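S.K.:
Residue numbers (this note's numbering): 1262 to 1430.
#1: Classify residue 1384 as buried or exposed, calling it buried when 16 or more other Cβ atoms lie within 10 Å of its own Cβ.
#2: Kindly give me the distance between the Cβ atoms of residue 1343 and residue 1330, rounded to whole angstroms, as I take these residues to be in contact under 8 Å.
#3: By how many angstroms is the C-alpha of residue 1291 removed from the C-alpha of residue 1347?
#4: What does the Cβ neighbour count give for residue 1366, buried or exposed, with the cut at 16 atoms within 10 Å?
#5: Return the chain-ordered list of same chain residues with a C-beta closer than 6 Å to the C-beta of residue 1314, the five sequence neighbours on each side being excluded.
#6: Verify whether the separation of the beta carbon atoms of residue 1293 and residue 1305 is less than 8 Å.
#7: Taking only the alpha-carbon atoms, compute the straight-line gap between residue 1407 and residue 1380 and give it to the nearest angstrom.
#8: Following the continuous beta strand (DSSP E) through residue 1311, name the residue where it begins and the one where it ends.
#9: CB-CB under 6 Å to residue 1289, same chain, minus the five flanking residues each way: which ones, in chain order?
#10: Could you tell me which uninterrupted beta strand (DSSP E) segments, each at least 3 residues in length, are contained entirely in the region 1339-1424, listed from first to last along the chain?
#11: What residue range does the beta strand (DSSP E) around residue 1293 cover?
#12: Can you tell me whether residue 1333 is helix, strand or coil according to DSSP?
#13: As a quick exercise: from 1386, 1341, 1318 and 1279, pick the residue whose alpha carbon is nearest that of residue 1308.
#14: Spatial neighbours of residue 1357 within its chain, please: C-beta separation below 7 Å, excluding the five flanking residues on both sides.
#15: Around the Cβ of residue 1327, are there at least 16 other Cβ atoms within 10 angstroms (buried) or fewer (exposed)?
#16: Could you spell out the range, first to last residue, of the beta strand (DSSP E) harbouring residue 1276?
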């Protein structure tokens, strides 16, 4: 999967396998039991599988891979639809979402101040400056998120290789 040229910060992928969910899930369970690697952790809960890096290899930019196994719709009852999502650490993602809400909130509040000052024929320069700064901060948050994703690209490739290795068996 080529994630270098995507705009999305949390790349997704889909894969169809010609085996039922129980067999695919069993592949992940068997792989976890056979390969007691200290590099990554794999959690299998029902039809949800989570890959993360161990504490020794984990950095703040380290991605995780979340996989959902779903029964494929249609006539193929012995097929599985796999939905995968590469994303940053949940704590880091929560912080970024929180910062986006703060920036958006400040932008909206100062937009209301600017509208009030405009209707009262008061100067609204400071309100517009703060709104402009919030737009710049929002773009900076995006740039930082892209840099974090680029730093974790090699680890994303590692997780994808493990995922494909599990399905190959």
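Note that CB positions come from ideal geometry on N, CA and C, so glycine has one too. Nothing here was measured: the structure is a model prediction, and the numbers come from that model.
M.R.: Once the coordinates are examined:
#1: For the purposes of this step, residue 1384 is taken as the residue at position 123 of the chain shown. Exposed, since its Cβ has fewer than 16 Cβ neighbours within 10 Å.
#2: By one-based count along the chain shown, residue 1343 stands at place 82. By one-based count along the chain shown, residue 1330 stands at place 69. With 8 Å as the limit, residue 1343 and residue 1330 qualify as a contact, their Cβ atoms being about 6 Å apart.
#3: Translated into positions along the chain shown, residue 1347 becomes position 86. Translated into positions along the chain shown, residue 1291 becomes position 30. Rounded to whole angstroms, residue 1347 to residue 1291 spans 22 Å at the Cα level.
#4: Start at 1 with the first residue of the chain shown, and residue 1366 comes out as number 105. It counts as exposed.
#5: Here residue 1314 corresponds to residue number 53 of the chain shown, with the count starting at 1. If we look at residue 1314 and ignore the five residues flanking it on each side, its Cβ neighbours are 1301 and 1323.
#6: Mapped onto the chain shown, residue 1293 falls at position 32. Mapped onto the chain shown, residue 1305 falls at position 44. Their beta carbons are under 8 Å apart, which means residue 1293 touches residue 1305 by this criterion.
#7: On the chain shown, residue 1407 is found 146 positions in, with the first residue counted as 1. On the chain shown, residue 1380 is found 119 positions in, with the first residue counted as 1. Rounded to whole angstroms, residue 1407 to residue 1380 spans 40 Å at the Cα level.
#8: As a working note, residue 1311 is residue 50 in the chain shown. Residue 1311 -> beta strand (DSSP E) spans 1309-1314.
#9: On the chain shown, residue 1289 is found 28 positions in, with the first residue counted as 1. Closer than 6 Å at the Cβ level, and outside the excluded window around residue 1289, lie 1305, 1310 and 1427.
#10: 1341-1348
#11: What you label residue 1293 is simply residue 32 of the chain shown in a count that begins at 1. Unbroken run through residue 1293 is the alpha helix (DSSP H), 1282-1295; no beta strand (DSSP E).
#12: As a working mapping, residue 1333 is identified with position 72 in the chain shown. DSSP places residue 1333 in coil when its eight states are reduced to three.
#13: For the purposes of this step, residue 1308 is taken as residue 47 along the chain shown, with counting starting at 1. The option with the nearest alpha carbon to residue 1308 is 1341.
#14: Against the chain shown, residue 1357 aligns to sequence position 96. 1402 and 1406, listed in sequence order.
#15: Reading the chain shown from its first residue, position 66 is the one you call residue 1327. Flag for residue 1327 reads buried.
#16: Translated into the one-based positions of the chain shown, residue 1276 becomes position 15. First-last of the beta strand (DSSP E) with residue 1276: 1273-1278.
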